[in-house]
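Quick note: the sequence shown uses my numbering, first residue 5, plus one each step. Virtual Cβ for every residue (Gly too), placed ideally from N, Cα, C. The structure appears right after this line, and notes come after that.
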Amino acid sequence: MNEETPKVSPDDLEERNGLTYKKLTDVPFTGLVEQKWNNGQLRIKVPYKDGKKDGVEEEYYDNGQLNSKLTYKNGEIINVDFQNSLF
């Protein structure tokens with residue numbers, strides 16, 4: 005993913021028949037989904053390709069610290085890496 009990769013909020017997407025689409029489109033979504041905590045910190049970053057998660061999904065705590073990385077290939081989890089535990 006690069007600077008030109010479309011970035012959207014999870015609210016901009018919908019799932020149909022096992023694929024993720026940007027609302028009001030008929031083309032499976034390719035791009036980056038980002039969601040932030042109420043304090044403005046990044047909460048989650050998820051790459052999609054052809055309507056499926058593909059690449060490294062990163063989840064963060066509300067303090068900005070990385071929580072976990074989940075690696076996807078064509079919608080399937082192939083690796084999980086928990087970075088830090090606050091508990």
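Can you tell which of the options has its C-alpha closest to the C-alpha of residue i?
i	options	result
residue 36	46, 30 and 52	52
residue 86	30, 77 and 69	69
residue 45	82, 9, 64 and 25	64
residue 19	60, 32 and 41	32
residue 57	78, 83 and 84	78
residue 11	40, 30 and 82	40
residue 47	83, 13, 9 and 8	13
residue 71	25, 8 and 49	49
Do residue j and residue i come within 8 Å of each other at the CB atom, strictly closer than that value?
i	j	result
residue 55	residue 28	no
residue 43	residue 66	yes
residue 73	residue 80	no
Does the beta carbon of residue i come closer than 8 Å to any beta carbon on chain C?
i	result
residue 45	The question asks about chain C, but that chain is absent: this structure has only one protein chain.
Would you mind reading off the limits of the beta strand (DSSP E) that contains residue i?
i	result
residue 75	70-77
residue 85	80-86
residue 64	59-64
residue 19	17-20
**OP:** Go through the segment 25-56 residue by residue and report every complete run of the beta strand (DSSP E) that reaches 3 residues or more, in order.
**Re:** 35-40 and 46-53
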